[in-house]
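Heads up, the thing below is written out as C-alpha cells.
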Amino acid sequence: MLVGNLLMHAEYKRRWRAVKDLRDVFVRFNQATGWYQQYDVQQHPWLLKKWLEYLHVLCLEQFDADVWTTMLAAHKRRPELSAAALKQDGNVAFCYKGMKRMFTDEGVVAPPHIVTGNKMRFSKLDQLLDFLFLWDNNQERQGWGARPYRLILQKSFEFIESQLGYRRASRWLDEFFYLVQLTHWMLPYPSNKSLIMSTKESHSKGLQGRMMWFSAVFTDPSLVRLPFDEPPRTVYDLVYQAHRQSGRAGGHDQAWETTALMKACRRQGLGIQGVDKTAEHWIAGRTSAGTKGFVPVWERGMPPRLAMRERIKGLSLDKLDGVMVAFTQEGSAVVVKGVQEEDCPVLVGRATDSRHIPDFFGEGRERRGEGKEASSPQIN
1 MLVGNLLMHA EYKRRWRAVK DLRDVFVRFN QATGWYQQYD VQQHPWLLKK WLEYLHVLCL
61 EQFDADVWTT MLAAHKRRPE LSAAALKQDG NVAFCYKGMK RMFTDEGVVA PPHIVTGNKM
121 RFSKLDQLLD FLFLWDNNQE RQGWGARPYR LILQKSFEFI ESQLGYRRAS RWLDEFFYLV
181 QLTHWMLPYP SNKSLIMSTK ESHSKGLQGR MMWFSAVFTD PSLVRLPFDE PPRTVYDLVY
241 QAHRQSGRAG GHDQAWETTA LMKACRRQGL GIQGVDKTAE HWIAGRTSAG TKGFVPVWER
301 GMPPRLAMRE RIKGLSLDKL DGVMVAFTQE GSAVVVKGVQ EEDCPVLVGR ATDSRHIPDF
361 FGEGRERRGE GKEASSPQIN
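Using full-length UniProt numbering, you'd call the opening residue of the sequence shown number 1 and step up by one each time.
Here's what the structure looks like:
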C-alpha cells in the first residue's frame with residue numbers, strides 16, 4: 001500500500017509540474033499583455049522594443065523548458081542522460097560543446113546522437129523550424145502539438161497582430177526564428193508522434209534507443225569555411241566579429257540584447273529569412289564518409305547568450321513588474337538624452353492590417369526559400 005501511495009504521489013507531482021509550467025507561462029504572458037495597455041507601449045519606441053524582446057525570450061525560454069521535460073521523460077523510459085546532465089536541471093546550452101557530456105551510450109559518457117541518414121525528413125533548418133513551431137499547417141503532432149511553447153508562440157503572434165498589425169507580427173515571428181538559429185545549434189529531431197524521436201532499440205543486437213538531434217550548420221560559402229578547410233570559419237567567428245564591430249564594452253562572451261545581436265549579425269551577412277530574402281544556408285550537419293554513409297558535423301564553440309533571458313530568469317511576477325518599470329525609466333533616459341534608438345522598431349501597422357494565418361505560412365515558407373537548393377561549400 002505504501003509503495004502504491006508513493007507511486008501515486010510521484011505521478012501527481014509529475015502532472016502538477018506540467019500544469020504549473022503551463023500556468024506559469026500563460027500568467028506571464030497575460031502579465032505582458034497587461035503591460036502593453038498599462039504603459040501605452042505602442043507610443044514609446046524604446047519600450048515597444050523591450051516588450052517585443054520580452055515576448056521573444058518568453059517563447060524561447062518555454063521552448064527550452066519543454067525540450068528538457070521531453071528529455072527527462074525519454075530518460076525515464078530509457079536512461080540516457082548523464083549524472084552531470086541531470087544536475088544541470090534544464091540549464092542547457094543547445095550546441096555540441098554544451099551537450100557533448102550530457103548523454104551516455106552503453107554506460108559511457110557520449111555526445112548527442114546527431115541524425116545523419118540519407119532519408120532524413122528534415123535536411124534544412126527552415127523545414128525543421130516550421131514543423132517545430134508553426135501552427136495551422138495541417139501537420140500531425142500527436143501528443144506534442146499543444147505543448148506550452150507552441151501555444152504561447154501562437155498567442156504572442158496573435159496579440160501582436162491584434163495590436164500592431166499583420167506586418168509587424170510577421171516581422172516579429174521572422175525575428176523569433178532568427179533568434180532560434182543564432183542561439184540553438186542543436187535541436188530536437190521530431191516526428192509526428194514525438195517532440196524528440198529515438199533511435200531503434202534492439203536487445204538482441206545490443207542497440208540502445210537514443211534521443212535524436214538535428215545539428216544546424218551554417219554553410220554560406222561567402223561567409224564561412226567549415227572545419228574541413230584551413231583555417232575554419234564558423235558562426236562562432238561571425239558572432240565574435242559582430243561583437244568586435246558593434247562597439248560593445250566587455251568581452252565577446254557577454255550576453256546580448258536581442259535587437260543588438262540581430263543587427264550585428266545581419267551586418268556580418270547572417271540574414272533574416274523572410275526579411276532579408278536570403279537563401280537558406282542552414283542545413284543538417286553531416287558530411288559523406290564514402291561507403292560508410294555520413295558522419296555528423298556541428299558548429300564549434302558556444303552560441304550567444306541573451307541578456308533579457310538572464311535578466312528575467314526565475315523572477316516572480318512582482319519582480320517582473322519591477323523589470324518593466326525599469327524599462328520605462330531606461331526609455332525616459334533615452335528620450336531625455338535626445339537619442340533616437342536605431343534599434344527601436346518603427347514598423348508599426350494598424351490592427352486592421354491583417355490576414356489569415358495560413359496566408360502567412362505560405363508566404364513565410366516562400367520567403368524562406370522553400371524548394372530552393374541551399375548553396376553550400378563542398379565538404380565531402
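Just so it is clear, CB atoms sit at the ideal spot from N, CA and C, and this is done for glycine as well.
May I ask which residues mark the beginning and end of the beta strand (DSSP E) holding residue i?
| i | result |
| --- | --- |
| Thr183 | First-last for Thr183: 166-183, but that is the alpha helix (DSSP H), not the beta strand (DSSP E). |
| Pro45 | First-last for Pro45: 45-77, but that is the alpha helix (DSSP H), not the beta strand (DSSP E). |
| Phe294 | 294-296 |
| Met308 | First-last for Met308: 307-312, but that is the alpha helix (DSSP H), not the beta strand (DSSP E). |
| Leu187 | 186-188 |
Under 8 Å by Cβ, that's how I've got residue i and residue j pegged, so tell me the actual separation to the nearest angstrom.
| i | j | result |
| --- | --- | --- |
| Leu47 | Gly322 | Rounded, the Cβ-Cβ distance is 15 Å, inconsistent with contact. |
| Lys50 | Phe327 | 4 Å |
| Arg305 | Glu61 | 12 Å between Cβ atoms; not a contact. |
| Leu179 | Thr234 | Not confirmed; about 18 Å, so no contact. |
| Val217 | Glu299 | 6 Å |
| Gln268 | Ala242 | 5 Å |
| Asp174 | Gly274 | 4 Å |
| Arg266 | Asp276 | 7 Å |
| Pro112 | Met186 | 6 Å |
| Met212 | Val115 | 5 Å |
Compute the distance between the beta-carbons of residue i and residue j, then report whether it is under 8 Å.
| i | j | result |
| --- | --- | --- |
| Gly143 | Ser194 | yes |
| Leu81 | Met102 | yes |
| Asp66 | Arg147 | yes |
| Ala284 | Met120 | yes |
| Val109 | Ser215 | no |
| Met302 | Gly98 | yes |
| Phe63 | Lys155 | no |
| Phe177 | Arg150 | no |
| Trp282 | Gln139 | no |
| Leu315 | Gln31 | no |
| Gln127 | Gln42 | no |
| Leu238 | Leu270 | yes |
| Ile160 | Leu58 | no |
| Thr219 | Arg210 | no |
| Trp135 | Leu52 | no |
Checking the sheet assignment: what are the DSSP bridge partners for residue i?
| i | result |
| --- | --- |
| Asp105 | Val108 |
| Val217 | Ile283 |
| Trp256 | Leu306 |
| Ile114 | Trp213 |
| Leu207 | Ser202 |
| Ser194 | DSSP lists no partner for Ser194. |
| Ser288 | Phe294 |
Could you spell out the range, first to last residue, of the alpha helix (DSSP H) harbouring residue i?
| i | result |
| --- | --- |
| Ser246 | 235-246 |
| Ile272 | Element bounds for Ile272: n/a, residue is neither H nor E. |
| Phe94 | Unbroken run through Phe94: none, as it is neither H nor E. |
| Gln88 | 83-88 |
Using DSSP with H/G/I as helix, E/B as strand and the rest coil, what is residue i?
| i | result |
| --- | --- |
| Pro148 | helix |
| Lys157 | The question names Lys, but residue 157 is Phe in the sequence shown. The answer is helix: DSSP assigns Phe157 an H, G or I state. |
| Lys263 | helix |
| Arg225 | strand |
| Met324 | helix |
| Leu128 | helix |
| Ser123 | coil |
| Ser332 | helix |
| Ile379 | With a pLDDT of only 36 at Ile379, under the threshold of 50, the placement of this residue in the model should not be trusted; the figure read from the coordinates follows. If DSSP states are grouped into helix, strand and coil, Ile379 belongs with coil. |
| Glu366 | Reliability fails at Glu366, whose pLDDT of 47 lies under 50, so the model's placement of it is uncertain and the value that follows must be treated cautiously. In the structure shown, Glu366 sits in a helix (DSSP, three-state: H, G or I). |
| Ser162 | helix |
| Trp35 | helix |
| Asn138 | coil |
| Arg28 | helix |
| Leu315 | coil |
| Glu80 | coil |
| Pro232 | coil |
Establish whether the CB of residue i and some CB of chain B are separated by less than 8 Å.
| i | result |
| --- | --- |
| Phe176 | No chain B is present in this structure, which holds just one protein chain. |
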